[in-house]
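For reference, the structure discussed in these notes is given below.
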Amino acid sequence: MDENFDINHDEDFRLLFGRWLVEKGLLDDNALRKALAEQKTQPDKRLGQILAKMDLMTEAQVAQALSGYLGIDYVDLDDLSTVDVKLARRVPEGLAKRYNLVVIEEADGRIVVAMGDPLDVIATDTIALKLGKSIRTVIASQSNIRRAIEAVYHGSDIHEQQLRDLVDLASTAEADAQVVEETADAQSLEADARDAPVVRFVDLLLMQAVQSRASDIHIEPGPKSMSIRMRIDGELTAMVPPPRKMQGAVVTRIKILGKMDIAERRLPQDGRFGIRPGGKEIDVRVSVMPTIYGEKAVMRILDKHAVNLDISSLNLKPDLYKTFTRMLDQPHGIIIVTGPTGSGKSTTLYSALNYLKDPTKNLSTGEDRVEYRMEGINQTQVRPNIGLTFSSCLRTLLRQDPDVILLGEIRDKETMEIAMKAALTGHLVLSTFHTNNAPSSISRLAYMGLEPYMIAATLNLIVAQRLVRRICDSCKEPVELPEELLRRLHAESSRAEGATFYHGKGCSACNGTGYHGRLPIFEFLLVTEKMRNLIVHGASEAELREASREAGHFGLMESGVERMIEGVTTAEEVIGTTFVEEE
Numbered sequence: 221m222d223e224n225f226d227i228n229h230d231e232d233f234r235l236l237f238g239r240w241l242v243e244k245g246l247l248d249d250n251a252l253r254k255a256l257a258e259q260k261t262q263p264d265k266r267l268g269q270i271l272a273k274m275d276l277m278t279e280a281q282v283a284q285a286l287s288g289y290l291g292i293d294y295v296d297l298d299d300l301s302t303v304d305v306k307l308a309r310r311v312p313e314g315l316a317k318r319y320n321l322v323v324i325e326e327a328d329g330r331i332v333v334a335m336g337d338p339l340d341v342i343a344t345d346t347i348a349l350k351l352g353k354s355i356r357t358v359i360a361s362q363s364n365i366r367r368a369i370e371a372v373y374h375g376s377d378i379h380e381q382q383l384r385d386l387v388d389l390a391s392t393a394e395a396d397a398q399v400v401e402e403t404a405d406a407q408s409l410e411a412d413a414r415d416a417p418v419v420r421f422v423d424l425l426l427m428q429a430v431q432s433r434a435s436d437i438h439i440e441p442g443p444k445s446m447s448i449r450m451r452i453d454g455e456l457t458a459m460v461p462p463p464r465k466m467q468g469a470v471v472t473r474i475k476i477l478g479k480m481d482i483a484e485r486r487l488p489q490d491g492r493f494g495i496r497p498g499g500k501e502i503d504v505r506v507s508v509m510p511t512i513y514g515e516k517a518v519m520r521i522l523d524k525h526a527v528n529l530d531i532s533s534l535n536l537k538p539d540l541y542k543t544f545t546r547m548l549d550q551p552h553g554i555i556i557v558t559g560p561t562g563s564g565k566s567t568t569l570y571s572a573l574n575y576l577k578d579p580t581k582n583l584s585t586g587e588d589r590v591e592y593r594m595e596g597i598n599q600t601q602v603r604p605n606i607g608l609t610f611s612s613c614l615r616t617l618l619r620q621d622p623d624v625i626l627l628g629e630i631r632d633k634e635t636m637e638i639a640m641k642a643a644l645t646g647h648l649v650l651s652t653f654h655t656n657n658a659p660s661s662i663s664r665l666a667y668m669g670l671e672p673y674m675i676a677a678t679l680n681l682i683v684a685q686r687l688v689r690r691i692c693d694s695c696k697e698p699v700e701l702p703e704e705l706l707r708r709l710h711a712e713s714s715r716a717e718g719a720t721f722y723h724g725k726g727c728s729a730c731n732g733t734g735y736h737g738r739l740p741i742f743e744f745l746l747v748t749e750k751m752r753n754l755i756v757h758g759a760s761e762a763e764l765r766e767a768s769r770e771a772g773h774f775g776l777m778e779s780g781v782e783r784m785i786e787g788v789t790t791a792e793e794v795i796g797t798t799f800v801e802e803e
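Take the sequence shown: its letters are residues 221 to 803, numbered as in our numbering.
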């Protein structure tokens, strides 16, 4: 067949293809006549598109029929494991969308490209020129290619029906989209927010976030459009944005769910609501803040069923597990968990509370946000705007006859001084801190003006932690690491020399990232008698770190390297998450 034949515009081709469909029993004469008549009113549409629109054939059936007619292979893109994501991304997203194609793989020195129009010579020449190699085309359905493009370039999970609906909803509504003006009145926005398409869009967005294990949804206004990103395994991933005419209504819908004032668009607001996908109870915390382009909304997904608060789920090494539980069993003292936002500190502390939970003990908390509600524990949410600060909350808790106190965060000298007095008077205090590692926490406390002897007398344990991404089991494969990288990781031990290192090559199960899930790594600083003497005499961070290593407790880097040697994370994750100079 002439490769310059144009499927889109050649009338003879349409007629011949239509007759071939009838001959093969895929279509009857009456249906073909109706389709050809409809096509005359839409000359820019292909016959296959008309057949699918009229429900005479499905898109997949049209693609398979075209494959048989042209003698070109058909591929089913429902399974993304066949797609080489890195290779596919060498083609700019704009070109992929313009020509409705996606690169699948390289085979026999040629690039295999799935197309809805495999005879589009301009498209194949453009891709061949871009990649510098010859092209072999295969046929796939139009909708499957669109969904594959979303998965390749935005990490979307196209296997879920909810996202399919989301993409279809956005593409359908976009045709007649109009920008909602910032000056739109609250009444009209509320009316729009209660429309079925907006309600469905937000519901599907939340459902997709839960199914993708997302911890947060970011809805961000721009000068011309709105973007939606989800934080999955610690990384923000772009998702399908709402149609432009729905953008203002989407934020308003979220504010309605969070019981916020929809008329107030100048000040930040916080809210909360619950959802029950699949019968599971999930809390959603909402924060809305005005920006120069409109209101930005961030939703935190708190899936209690996805978080295991059993202390054994922290995957602590046996010696660290023994140390941690021994310190939790102490009747008094302070245990601090430190690390940046999103490092899993709350999960560690809640797991500790779960371990300590006992009908014979009074466990109380003061938290900036009560993330997980636990039976048998008295939880209080601090509210600084009305004077209920951490320090005032802690003072009150001490009058409530507590055995164990969890304080969400130590932010100032006053709060720490009260915590120290609580520890000295027979209470066990658990709290968090924001420092890079365990030894620097002691320096930070001293910098706040606290007496070294008080720090030494009350501290029992400091735990620094991070979360590293776990290699996807579905696409895990061995990888060679250069000696220079191993030296940078201080991984030149005899154990590392014989180890097999791994990475994920990317597949449909992990949306092409090579990672699925996260796991914690830890640095322990146990305050022994020797450590107390060092603290009292103002030892430096380097001296504290060395003393901790002599006691058998190593840093975050070493902990990450252990996970790397075990084959559960990568060198890139260890360096990106924990790298600090520890000479």
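No residue lacks a Cβ here, since even glycine has one placed at the ideal position from N, Cα and C.
These numbers come from a predicted model, not from an experiment.
Which residues does DSSP pair with residue i in a beta bridge?
i      : result
ILE292 : In DSSP, ILE292 forms no bridge with anything.
ILE638 : According to DSSP, ILE638 bridges with nothing at all.
PRO417 : Partner(s): none; PRO417 has no beta bridge.
MET480 : MET480 pairs with nothing; no bridge assigned.
HIS552 : Per DSSP, none; premise fails for HIS552.
PHE493 : VAL504
MET446 : PRO441
GLU515 : PRO510
ARG546 : In the DSSP output, where bridge partners are listed per residue, ARG546 has none listed.
ARG520 : ASP436, ARG505
THR585 : GLN599, LEU626
THR278 : According to DSSP, which records beta bridges pairwise, THR278 is partnered with nothing at all.
VAL557 : THR652, VAL683
ARG451 : ASP436, LEU456
Considering only their Cβ atoms, is the gap separating residue j from residue i smaller than 9 Å?
i      : j      : result
THR733 : GLU455 : yes
LEU650 : LEU626 : yes
LEU241 : ALA280 : no
PRO604 : LEU764 : no
TYR570 : GLU595 : no
ALA729 : HIS736 : yes
ILE439 : VAL418 : no
ASP293 : ILE359 : yes
PHE653 : SER661 : yes
PHE721 : MET777 : no
ASP436 : VAL518 : yes
ASN320 : ILE270 : no
TYR373 : ARG309 : yes
PHE493 : VAL508 : no
ILE191 : ARG615 : Nothing in the structure corresponds to residue 191, since the chain is present only between 221 and 803.
THR585 : THR609 : no
ASP632 : MET668 : yes
VAL305 : LEU297 : no
Just reading off the beta strand (DSSP E) that residue i is part of, what are its end residues?
i      : result
ARG689 : 679–691
PHE742 : 735–746
LYS696 : 696–698
SER563 : Unbroken run through SER563: none, as it is neither H nor E.
ARG356 : 355–359
LEU648 : 648–653
State the start and end residues of the unbroken alpha helix (DSSP H) segment that holds residue i.
i      : result
ILE531 : From DSSP, ILE531 is part of no alpha helix (DSSP H); its letter is neither H nor E.
ALA316 : 313–319
ARG769 : 761–770
ASP208 : For residue 208 there is no data in the structure shown, the boundaries of the chain being 221 and 803.
GLU455 : First-last for GLU455: 455–458, but that is the beta strand (DSSP E), not the alpha helix (DSSP H).
ILE755 : 749–756
ARG664 : 658–667
LEU297 : LEU297 -> no alpha helix (DSSP H), and no H or E assigned at all.
SER779 : 776–786
SER728 : From DSSP, SER728 is part of no alpha helix (DSSP H); its letter is neither H nor E.
VAL794 : 791–798
LYS273 : 267–273
ARG708 : 703–708
VAL305 : 305–308
Check the Cβ-Cβ distances between residue i and every residue of chain D, and say whether any is below 9 Å.
i      : result
LEU246 : Of the protein chains in the structure, only one exists, and it is not chain D.
The stretch 546–560 in contact with the stretch 592–607 per 3-pair CB rule at 8 Å: Contact between the stretch 546–560 and the stretch 592–607 is absent, because fewer than three Cβ pairs lie under 8 Å.
Whole beta strand (DSSP E) elements within the stretch 321–353, 3-residue minimum: Segments of the beta strand (DSSP E) lying fully in the stretch 321–353: 321–327, 330–335.
Segment contact flag, the stretch 698–711 with the stretch 265–280, C-beta cutoff 8 Å, min 3 pairs: Short answer: they don't touch.
Contact the stretch 535–548 vs the stretch 438–450: 3+ CB pairs below 8 Å: No: fewer than three Cβ pairs fall under 8 Å.
Inter-stretch contact (C-beta, 8 Å, three-pair minimum) for the stretch 351–358 and the stretch 326–334: In short, these stretches touch, since the Cβ pair count reaches three.
Those runs of the beta strand (DSSP E) which lie wholly inside the stretch 587–614 and span at least 3 residues: Unbroken beta strand (DSSP E) stretches of 3 residues or longer found wholly inside the stretch 587–614: 598–601, given in chain order.
Segment contact, 8 Å Cβ cut-off, at least three pairs: the stretch 737–746 with the stretch 675–691: Three or more pairs of CB atoms, one per stretch, sit closer than 8 Å, so the stretch 737–746 contacts the stretch 675–691.
The stretch 744–753 contacting the stretch 459–469, beta-carbon criterion three pairs below 8 Å: Too few Cβ pairs lie closer than 8 Å, so no.
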